[in-house]
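Enquirer: Protein chains in written order, with this note's numbering: chain A, 1 to 255; chain W, 1001 to 1261. Beta carbons: idealized from backbone N, C-alpha and C, even for Gly.
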Amino acid sequence: MIKKITRLFIISVTILATYFAMKVCGFQPTALQKGLHDSLFFIKQMFPPSWEDFKDLWNPALETIALAILGTFLGSILSFIIAIFAASNLSNKWVKQMVRSLISIERSIPELFILLILIAAYGLGALSAVIALMIGCIGMLGKLFADAIEETPSSVIESLQAGGANKIQIIYFGILPDVFPKLLSYSLFRLEINIRLSVMLGAIGAGGIGYELDYSFSMLQFHRALSCLIVVLLLVIIIEQISIYIRKKLSIQQL
Amino acid sequence: MLSLINKYKKWLYTLVVLLTLYLLIVFLKIDLTILFSDLHYVGDLLKEMFPPNYAIIWENNVVINSIVQTICMAYLGTLIGGIIGFGFSTIASNNIFNNKFISVFTKWLLSFIRVIPSLIIVLIFVIAVGPGPFAGVLTIIISTIGTLGKLFTESIENLDPTSANSLKATGANKLQIFKFAIWPEFLPSFISNLLYCFDINMRTAVALGIFGGGGIGYKLYLSMRVLHYKDAIALITCIIVLLLIIENVSNNLRHQILGNK
């Protein structure tokens, strides 16, 4: 009986919340139908892609990839350094708590806003985008790396300590060889995310294929926009497949 | 000899990595000296940002309303996307629908949806239906279908088949098997996946604001554009607190639901 009442209560709250949310967002079933219809019509209008624009898009596409790779690489190194302070077996309790909460705070700042702040300081360009991607890595990789470091068997650290190794030696000879495959596979996973982010940051003004995409949409050159769209999809798919292939080779499939 | 190669292998890798890094920096025309020569701009910026103008949150209803709008976008997107994604996953999972061709095709479709960056989807919807929360909701629905469609398919395929088989043996039809064997077992993972996706969609909803999706993200973008950095920092604090609360609530609920099972 109580179970039934709870269920009824949950269902009615869900319905009420949905009704409220629909009102706030201006979301009506009729609008949904019209919206989908208009969108399909618009996508049809975008065809065919303009083939001659593809050769202009080669360079922006490379720029986007370069941004993502550079950002992920530097971000992984930065995250590893931070993760050392967030791992319970290498750092003390208070530092660990503080660094961990900083990491989770970073996770809730969208990369776009980091970029907007950086643009205000360093101006538009690749530098701001790379730093934004670097910082964006910390939230995810910092936590994953710290967890990976914590899984290192304590015997490794203890035996090095007994041999008189200092902290840096412990990290270099004990921790790093043990966690390296994991670090690599997490970083590759992050690269898949960063390639999308790098397209998105490009649209804000960091350059690359994202900028071309946004520019074509706002200049109403829809055929060119479709070409950009195809290039973006190809980029994402290719990077994802490469990353999945390498991660399979590293034989760490979790995550 | 072999140990010699192995010894130098490490250096070789390091050299290749460093060279690639250098080439990437040259290719992107990054001037690293800016980092230090323009450092005083960062100082100026920080001076302009602090102290944050927290009064903006209470001044009028605009900020509160836009926060509510963002939550509503994520909520609606998750709910509708989840329902549609569930529909897809029943077709895609090979233990409910015994058609190999349709199952493979649906799985392919779902992974195609997942590949499309949400930026592209929102740009298309903003032009088709106009900027505002409606375009944001539509974008979130599409990306949720991709994510949840996959997660649901996996959890349906991993269900224990014994109860379904025993119902089949008593002569139950497909709908009855679904209602009495599959649904009760699937429900906890259904709700926990929805909660997980809501957490992700909140982040997406904030970010979509910049491209015309409405909500708190748009307000933040506006205050950045007109260089009101004190307001911007206040709004960023709001966003961080909001996302942290949602993350914790979603995690707690999920642990409870999966733990009670």
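Compare the beta carbon distance of residue 54 (chain A) and residue 198 (chain A) with 7 Å and say whether it is the shorter of the two.
Expert: As a position in the first sequence, residue 54 (chain A) is number 54, starting the count at 1. As a position in the first sequence, residue 198 (chain A) is number 198, starting the count at 1. No, they are not a contact pair.
Enquirer: Give the interface partners of residue 1207 (chain W) over in chain A, defined as CB-CB distance under 7 Å, in chain order.
Expert: To locate residue 1207 (chain W), count along the second sequence from 1; it is residue 207. Correct list: 110, 112.
Enquirer: Closest to residue 1111 (chain W) by CA distance: which of W:1125, W:1019, W:1131, W:1153 is it?
Expert: The residue given as residue 1111 (chain W) occupies position 111 in the second sequence. Here the closest residue by C-alpha is W:1153.
Enquirer: Return the first residue and the last residue of the alpha helix (DSSP H) that residue 29 (chain A) is part of.
Expert: In the first sequence, counting from the first residue as 1, residue 29 (chain A) sits at position 29. 29-46 is the extent of the alpha helix (DSSP H) around residue 29 (chain A).
Enquirer: Which whole runs of the beta strand (DSSP E) in the segment 1048-1094 of chain W are 3 residues long or more, in chain order?
Expert: For the segment 1048-1094 of chain W, not one full-length beta strand (DSSP E) segment reaches 3 residues or more.
Enquirer: If you measure beta-carbon to beta-carbon, which residues of the segment 167-201 of chain A are closer than 8 Å to chain W?
Expert: 196, 199, 200
Enquirer: Below 8 Å on the Cβ atoms is my contact criterion, and I expect residue 1210 (chain W) with residue 112 (chain A) to pass it. Report the Cβ-Cβ distance as a whole number of Å.
Expert: Translated into the one-based positions of the second sequence, residue 1210 (chain W) becomes position 210. Translated into the one-based positions of the first sequence, residue 112 (chain A) becomes position 112. Contact flag correct, Cβ pair sits at about 6 Å.
Enquirer: With residue 1176 (chain W) as the anchor, note down where its alpha helix (DSSP H) starts and where it stops.
Expert: Residue mapping note: residue 1176 (chain W) aligns to position 176 of the second sequence, counting from 1. Element bounds for residue 1176 (chain W): 1174-1177.
Enquirer: Is there a Cβ of chain W sitting closer than 7 Å to that of residue 236 (chain A), yes or no?
Expert: Position 236 of the first sequence, counted from the first residue, corresponds to residue 236 (chain A). It does; some Cβ of chain W falls within 7 Å.
Enquirer: Drop a sphere of 10 angstroms on the beta-carbon of residue 1169 (chain W), count the other beta-carbons inside from all chains shown, and report buried for 16 or more, exposed for fewer.
Expert: Within the second sequence, residue 1169 (chain W) is the residue found at index 169, counting from 1. Per the 10 Å Cβ criterion, exposed.
Enquirer: Taking Cβ positions, are residue 166 (chain A) and residue 71 (chain A) nearer each other than 7 Å?
Expert: For this step, residue 166 (chain A) is matched to residue 166 along the first sequence. For this step, residue 71 (chain A) is matched to residue 71 along the first sequence. The answer is no: Cβ separation not under 7 Å.
Enquirer: Give the straight-line distance between the Cα atoms of residue 1263 (chain W) and residue 1220 (chain W), rounded to the nearest whole angstrom.
Expert: Past the boundaries of the shown model lies residue 1263 (chain W); chain W is included only from 1001 to 1261, so the question cannot be answered.
Enquirer: Please go through the segment 47-76 of chain A and give each complete alpha helix (DSSP H) segment of 4 or more residues, from N-terminal end onward.
Expert: none
Enquirer: Among A:173, A:108, A:145, whose alpha-carbon lies nearest the alpha-carbon of residue 156 (chain A)?
Expert: Numbered from its first residue, the first sequence carries residue 156 (chain A) at position 156. Residue A:173 is the option with its Cα nearest to residue 156 (chain A).
Enquirer: What are the residues in the segment 11-24 of chain A lying within 9 Å of chain W by C-beta distance?
Expert: 14, 17, 18, 20, 21, 22, 23, 24
Enquirer: Measuring alpha carbon to alpha carbon, tell me which of W:1197, W:1147, W:1080 ends up nearest residue 19 (chain A).
Expert: By one-based count along the first sequence, residue 19 (chain A) stands at place 19. Answer by Cα proximity: W:1080.
Enquirer: Flag this pair as yes or no: are the beta carbons of residue 1114 (chain W) and residue 1146 (chain W) separated by less than 7 Å?
Expert: Counting from 1 along the second sequence, the entry for residue 1114 (chain W) is found at position 114. Counting from 1 along the second sequence, the entry for residue 1146 (chain W) is found at position 146. Against a cut-off of 7 Å, the Cβ pair of residue 1146 (chain W) and residue 1114 (chain W) comes out as a contact.
Enquirer: Using CA coordinates, which residue listed in W:1191, W:1119, W:1179, W:1166 is at the minimum distance from residue 1148 (chain W)?
Expert: What you label residue 1148 (chain W) is simply residue 148 of the second sequence in a count that begins at 1. Comparing Cα-Cα distances from residue 1148 (chain W) to each of W:1191, W:1119, W:1179, W:1166, the minimum goes to W:1191.
Enquirer: Whose CA, out of W:1019, W:1053, W:1075, lies closest to the CA of residue 1206 (chain W)?
Expert: Position 206 of the second sequence, counted from the first residue, corresponds to residue 1206 (chain W). The shortest C-alpha separation from residue 1206 (chain W) is found at W:1075.
Enquirer: Closer than 7 Å between beta carbons: that is the criterion. Which residues of the segment 28-39 of chain A meet it against chain B?
Expert: No chain B appears in this structure, whose protein chains are A and W.
Enquirer: With 8 Å as the limit, tell me which residues of the segment 83-100 of chain A have their beta carbon closer than that to any beta carbon of chain W; keep them in chain order.
Expert: none
Enquirer: What span of residues does the alpha helix (DSSP H) with residue 181 (chain A) cover, start to end?
Expert: Within the first sequence, residue 181 (chain A) is the residue found at index 181, counting from 1. Per DSSP, residue 181 (chain A) belongs to the alpha helix (DSSP H) from 176-201.
Enquirer: Using 7 Å as the limit for Cβ to Cβ distance, is residue 229 (chain A) near chain W?
Expert: Your numbering for residue 229 (chain A) matches position 229 in the first sequence. True, the Cβ-Cβ gap to chain W drops below 7 Å.
Enquirer: Just curious, the alpha helix (DSSP H) that residue 2 (chain A) is in, first and last residue?
Expert: For this step, residue 2 (chain A) is matched to residue 2 along the first sequence. Residue 2 (chain A) -> alpha helix (DSSP H) spans 2-25.
Enquirer: Against residue 1240 (chain W), what residues of chain A qualify as contacts under a CB-to-CB distance less than 8 Å, listed in chain order?
Expert: Within the second sequence, the letter at position 240 stands for residue 1240 (chain W). Those are 105, 108, 109, listed as they occur along chain A.
Enquirer: Report buried or exposed for residue 79 (chain A), applying the criterion of at least 16 other Cβ atoms within 10 angstroms of its Cβ.
Expert: In the first sequence, residue 79 (chain A) corresponds to position 79, counting from 1. Result: buried.
Enquirer: How would you list, in chain order, the residues of chain W whose beta-carbon sits under 8 Å from the beta-carbon of residue 8 (chain A)?
Expert: Stepping through the first sequence from its first residue, residue 8 (chain A) is reached at position 8. Neighbours of residue 8 (chain A) in chain W, taken as residues at a C-beta separation under 8 Å, are lacking, since the least C-beta distance is about 16 Å.
Enquirer: Out of curiosity, what's the CA-to-CA distance linking residue 1261 (chain W) and residue 1251 (chain W)?
Expert: Mapped onto the second sequence, residue 1261 (chain W) falls at position 261. Mapped onto the second sequence, residue 1251 (chain W) falls at position 251. With a pLDDT of only 46 at residue 1261 (chain W), under 50, the local geometry of the prediction cannot be trusted, and no value is derived from it.
Enquirer: Using a threshold of 7 Å, state whether the C-beta atoms of residue 1236 (chain W) and residue 1049 (chain W) are closer than that.
Expert: In the second sequence, the residue the question calls residue 1236 (chain W) occupies position 236. In the second sequence, the residue the question calls residue 1049 (chain W) occupies position 49. Contact flag unset, no.
Enquirer: Taking Cβ-Cβ distances shorter than 7 Å, what residues in chain W pair up with residue 42 (chain A)?
Expert: Numbered from 1 along the first sequence, position 42 holds the residue referred to as residue 42 (chain A). Within 7 Å Cβ-Cβ: 1124, 1127, 1128.
Enquirer: If we define contact as Cβ-Cβ less than 7 Å, is residue 253 (chain A) a contact residue for chain W?
Expert: Within the first sequence, numbered from 1, the residue matching residue 253 (chain A) stands at position 253. Because residue 253 (chain A) carries a pLDDT of 45, less than 50, the predicted location of this residue cannot be relied on, and the following value inherits that uncertainty. No, residue 253 (chain A) lies away from the interface with chain W (no Cβ there is under 7 Å from its Cβ).
Enquirer: Let me know the secondary structure DSSP gives residue 151 (chain A) once reduced to three states.
Expert: Along the first sequence, read from residue 1 onward, the residue named residue 151 (chain A) stands at position 151. If DSSP states are grouped into helix, strand and coil, residue 151 (chain A) belongs with coil.
Enquirer: Taking only beta-carbon atoms, is residue 160 (chain A) less than 7 Å away from chain W?
Expert: As a working mapping, residue 160 (chain A) is identified with position 160 in the first sequence. Output row for residue 160 (chain A): interface = no.
Enquirer: Using beta-carbon positions only, say whether residue 230 (chain A) and residue 49 (chain A) come within less than 7 Å of one another.
Expert: As a first step, residue 230 (chain A) is located in the first sequence; it is residue number 230 there, counting from the start. As a first step, residue 49 (chain A) is located in the first sequence; it is residue number 49 there, counting from the start. Yes.
Enquirer: So what does DSSP say about residue 97 (chain A), is it helix, strand or coil?
Expert: The residue you call residue 97 (chain A) lines up with position 97 of the first sequence. DSSP places residue 97 (chain A) in helix when its eight states are reduced to three.
Enquirer: Taking 7 Å as the CB-CB limit, is residue 1231 (chain W) close to chain A?
Expert: Indexing the second sequence from 1 puts residue 1231 (chain W) at position 231. By the rule that beta-carbons nearer than 7 Å mark a contact, residue 1231 (chain W) does not touch chain A.
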